[in-house]
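One structure is given here, and the rest of the page talks about it.
Chains as they are written, first to last, in the numbering used here: chain A, 1 to 240; chain B, 1001 to 1240.
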């Protein structure tokens, strides 16, 4: 937890300054890990809003009271819409956290031939669990802007009916570690789409359908990476 | 398992061609996941040697026999010596696998103020466990060259006595997400060193000691990444 995130309903109609008392899991984390004294400063952020600092005005074994000032914009998002073939649940959780930490704001979890049907049943996809996963990623990355996660359980309708609008005026790539792919470009600042396949990769039909929608296949080299390794490697090379 | 790795003691004195029968966990994986028929081809590699293809000459419910041809060099290693503050055991395992997959061949697991002493007791650091972890990383990345892992439980003697020789004639960076760091460079092909700190980062004393040894602080931006996210992001940006 590199920033303590405040929920809009807690902050209410306060502007850039205000006082806040916490007694939930954030208090437990602060009290047990950070162990601040009265007068110490902590990093805070308003979900959907600004970052800032909070001065501890009171702390006991029940709660902490903070004098909060919010005055700094969150770090800029990555200019990417991510299409991610739904990974198995444990990998999904780590990958979504990494997305939130790295600054991806639009995530489409899509079906693919090699996605096991059972993966769509995982409780990690329920709204509360998704939100908790994404919040922990934001807390890691010191960001306040929640990513949007869209579930698309059918590949073909998504690619044929929805993708043309999403790609309009944007560059789009399919990560595909094959010799025919071009090397992954770098220093991209323009709005882009990136598709990452499941373990085992997209099948040819899917790569072709994405190509029809304007996606160029790119590669980081001959090594086959796990999804959770490929994601930061691709985002970093493309955008950082 | 994107390549079936053969141990030198199994291959013996054969040159680039030979026949091999497997009945261990590799057979179980092949039979249950790949499910090949006689005549099918599988990717293989000799640990420490070449990659190639194997034709299934026989498969039953006990074993598989392969006609192996080894004729392709493994992918080039990354030109980096990695200094990694020992992560907690679960993260260590995933991170070492990712190192092997990405082509890091020299890994120094080092101590740091924020490394918990108990981490050095993990069974994952025992020789057999390390080897198994690294092999699974090579199998993922289709590589045959085992990384060397060096354990350095004392920071100061390592940095003062050993590091000067390791850095001689090389660029060296400390990953340090602070405003004073320079942006992480890219397209590096020269031999280099990269130091990655623990969760919470290197302390100032450690950053300074590394700076005395010639390490420049670099950053991927304002976001704080977990070690397992930072590693592929940094290696990709620097070397891929």
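For every residue, glycine included, the Cβ atom is placed at its ideal position computed from N, Cα and C.
| query | result |
| --- | --- |
| Check residue 249 of chain A in the structure and name its three-state DSSP category. | Any property of residue 249 of chain A remains undetermined from this structure, which presents chain A solely from 1 to 240. |
| Which residues in chain A have a C-beta closer than 8 Å to the C-beta of residue 1142 of chain B? List them in chain order. | 222, 223 and 224 |
| From the DSSP output, in three-state form, read off residue 71 of chain A for me. | strand |
| Any C-beta of chain C sitting closer than 8 Å to the C-beta of residue 2 of chain A? | Chain labels in this structure do not include chain C; the protein chains are A and B. |
| Checking 8 Å against the spacing of the C-beta atoms, do residue 246 of chain A and residue 1186 of chain B come in under that value? | Since the displayed chain A opens at 1 and closes at 240, residue 246 of chain A lies outside it and no answer follows. |
| Taking the beta strand (DSSP E) that residue 1020 of chain B falls in, what are its first and last residues? | 1017-1022 |
| Closest to residue 1108 of chain B by C-alpha separation, out of B/1038, B/1152 and B/1145, would be which residue? | B/1152 |
| Closer than 9 Å by beta-carbon distance: list the chain A residues that pair up with residue 1101 of chain B, in chain order. | 223, 224, 225, 226 and 229 |
| Within 10 angstroms of the Cβ of residue 1173 of chain B, are there 16 or more other Cβ atoms? Answer buried if so, exposed if not. | buried |
| Pull up the CB-CB distance for residue 1136 of chain B and residue 1097 of chain B, whole angstroms please, since I reckon it's below 8 Å. | 6 Å |
| Have a look at residue 76 of chain A and residue 1083 of chain B and give me their C-alpha separation to the nearest angstrom. | 30 Å |
| Spatial neighbours of residue 194 of chain A within its chain, please: C-beta separation below 6 Å, excluding the five flanking residues on both sides. | 80, 82 and 173 |
| By how many angstroms is the C-alpha of residue 161 of chain A removed from the C-alpha of residue 1104 of chain B? | 42 Å |
| For residue 32 of chain A, does the three-state DSSP call read helix, strand or coil? | helix |
| What's the gap between the Cα of residue 1189 of chain B and the Cα of residue 1239 of chain B? | 7 Å |
| Would residue 1237 of chain B and residue 236 of chain A qualify as a contact pair, given that the criterion is a beta-carbon distance under 8 Å? | yes |
| Excluding sequence positions up to five away, which residues of its chain have a Cβ less than 8 Å from the Cβ of residue 1177 of chain B? | 1201, 1219, 1220, 1221, 1222, 1223, 1224 and 1225 |
| Output, in sequence order along the chain, the residues in the region 1042-1067 of chain B whose CB is closer than 8 Å to any CB in chain A. | none |
| Measuring CA to CA, which of A/232, A/183, A/156 and A/143 is closest to residue 277 of chain A? | Because chain A is modelled from 1 through 240, residue 277 of chain A falls outside the range shown and cannot be assessed. |
| Can you find a C-beta in chain A that's less than 8 Å from the C-beta of residue 1236 of chain B? | yes |
| Out of curiosity, what's the CA-to-CA distance linking residue 1011 of chain B and residue 93 of chain A? | 41 Å |
| Could you tell me whether the Cβ of residue 1098 of chain B comes closer than 8 Å to any Cβ of chain A? | yes |
| With 8 Å as the threshold, decide whether the Cβ of residue 1186 of chain B is near any Cβ in chain A. | yes |
| Which of the residues in the region 1071-1098 of chain B, read from start to end, lie with their CB under 7 Å from any CB of chain A? | 1075 and 1098 |
| Give every residue of the same chain whose Cβ lies closer than 6 Å to the Cβ of residue 952 of chain B, excluding the five residues on either side of it in the sequence, and list them in chain order. | Nothing can be reported for residue 952 of chain B: it is not among the residues displayed for chain B, which extend from 1001 to 1240. |
| Whole angstroms are fine: how far does the CA of residue 110 of chain A sit from the CA of residue 1110 of chain B? | 40 Å |
| Within the continuous beta strand (DSSP E) that includes residue 131 of chain A, where are the two ends? | Unbroken run through residue 131 of chain A is the alpha helix (DSSP H), 127-141; no beta strand (DSSP E). |
| At which residues does the beta strand (DSSP E) containing residue 993 of chain B begin and terminate? | A query on residue 993 of chain B cannot be resolved here, the shown segment of chain B reaching from 1001 to 1240 and no further. |
| To the nearest angstrom, report how far apart residue 1118 of chain B and residue 1063 of chain B are at their CA atoms. | 42 Å |
| For residue 100 of chain A, count neighbouring Cβ atoms within 10 angstroms of its own Cβ and tell me buried if that reaches 16, exposed if not. | buried |
| DSSP three-state call for residue 1108 of chain B: helix, strand or coil? | strand |
| When you compare only the Cα positions, how much space is there between residue 1175 of chain B and residue 1196 of chain B? | 5 Å |
| Report the rounded CA-to-CA distance for residue 130 of chain A versus residue 4 of chain A, giving the unit in angstroms. | 18 Å |
| For the region 21-45 of chain A, enumerate the residues whose C-beta is nearer than 9 Å to any C-beta of chain B, in chain order. | none |
| Note down, in chain order, every chain A residue with its Cβ under 8 Å from the Cβ of residue 1240 of chain B. | 184, 220, 221, 233 and 237 |
| Relative to the C-alpha of residue 168 of chain A, which candidate in A/133, A/56, A/49 and A/192 has its C-alpha closest? | A/192 |
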